[in-house]
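S.K.: Numbering follows the working numbering, with no gaps: position 1 of the sequence shown is 1067.
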Amino acid sequence: MALYDAQRPPLDVVKAHADTWMERFEFDLAKSKQNSAYHKGEAIVDEDGFTLVTRGGAYGQTLGGGVGVSSKTFQKTGQTASKKKKEPKEKETFYAFQKAEKQRKGGIVCMCVVPYAPAKMLFLALLDLRKNFEVDKARIEKLKASRRFNPY
């Protein structure tokens, strides 16, 4: 029982410890705000005379003449994030015939839906169907050989 009491200090000691810790935290917070270049409600002007655009108060309202676009990390650190340049992608379908080929390869053309489709388009669709049929046939044979084929 003595060990139990020794491990648990009285409530007034715990409260005093928590109060001093919170006072220290609030002091550190006030000190960091004081040292910060950003103060809410004041416009930040750089050495060239330009006003820094910063976030404002509640609901997008700004104080100090800003327009509400600066990030929170910028307000803390003062450094902007460098954006990576995107590498320009080469277009796969630049010409009209490339777009048509891509559409032909992408979907299967059904003769009942598109009865007036060009003969070449239907031929390519049939080739795709035949190729897929052969692939499926080989897969089923492989499953049958492994005795794991269960169609129902």
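Ideal Cβ positions, reconstructed from N, Cα and C, are used throughout, including at glycine.
Note that the coordinates shown come from a computational prediction; the quantities given were computed from them, not determined experimentally.
Would A1185 be called buried (16 or more neighbouring beta carbons within 10 Å of its own) or exposed?
M.R.: Stepping through the sequence shown from its first residue, residue 1185 is reached at position 119. Exposed, since its Cβ has fewer than 16 Cβ neighbours within 10 Å.
S.K.: Following the continuous alpha helix (DSSP H) through S1098, name the residue where it begins and the one where it ends.
M.R.: The count along the sequence shown starts at 1 and reaches residue 1098 at position 32. L1077 to N1101 is the span of the alpha helix (DSSP H), which, as asked, contains S1098.
S.K.: So what does DSSP say about I1174, is it helix, strand or coil?
M.R.: Mapped onto the sequence shown, residue 1174 falls at position 108. For I1174, the pLDDT reaches just 46, beneath the cut-off of 50, and the residue's location in the model is therefore unreliable, leaving the point undetermined.
S.K.: Per DSSP, what kind of secondary structure is V1119 in: helix, strand or coil?
M.R.: The residue labelled residue 1119 in the question sits at position 53 within the sequence shown. Coil at V1119, not helix or strand.
S.K.: Cutting at 8 Å between CB atoms, please list the residues of its own chain near Q1164, excluding the five before and the five after it.
M.R.: Locating residue 1164 in the sequence shown gives position 98, counting from the first residue. The residues are E1158.
S.K.: Where DSSP assigns a beta bridge to V1111, which residues make up the other side?
M.R.: Translated into the one-based positions of the sequence shown, residue 1111 becomes position 45. The partner list for V1111 (beta bridge, DSSP) reads T1117.
S.K.: Is it buried or exposed, A1068, if we count other Cβ atoms within 10 angstroms and call 16 or more buried?
M.R.: The sequence position of residue 1068 within the sequence shown is 2, counting from 1. Label assigned to A1068: exposed.
S.K.: In whole angstroms, what separates the C-alpha of R1074 from that of V1080?
M.R.: For the purposes of this step, residue 1074 is taken as residue 8 along the sequence shown, with counting starting at 1. For the purposes of this step, residue 1080 is taken as residue 14 along the sequence shown, with counting starting at 1. Straight-line Cα distance between these residues: approximately 9 Å.
S.K.: Apply the 10 Å Cβ neighbour rule to G1162 and answer buried if 16 or more other Cβ atoms are within range, or exposed otherwise.
M.R.: Translated into positions along the sequence shown, residue 1162 becomes position 96. Before going on, a small fix: residue 1162 reads as Ala here, not Gly. Classification for A1162: exposed.
S.K.: Based on Cα-Cα distance, which residue from S1212, A1191, G1115 and K1151 lies nearest to E1167?
M.R.: For this step, residue 1167 is matched to residue 101 along the sequence shown. Cα-wise, what sits closest to E1167 is A1191.
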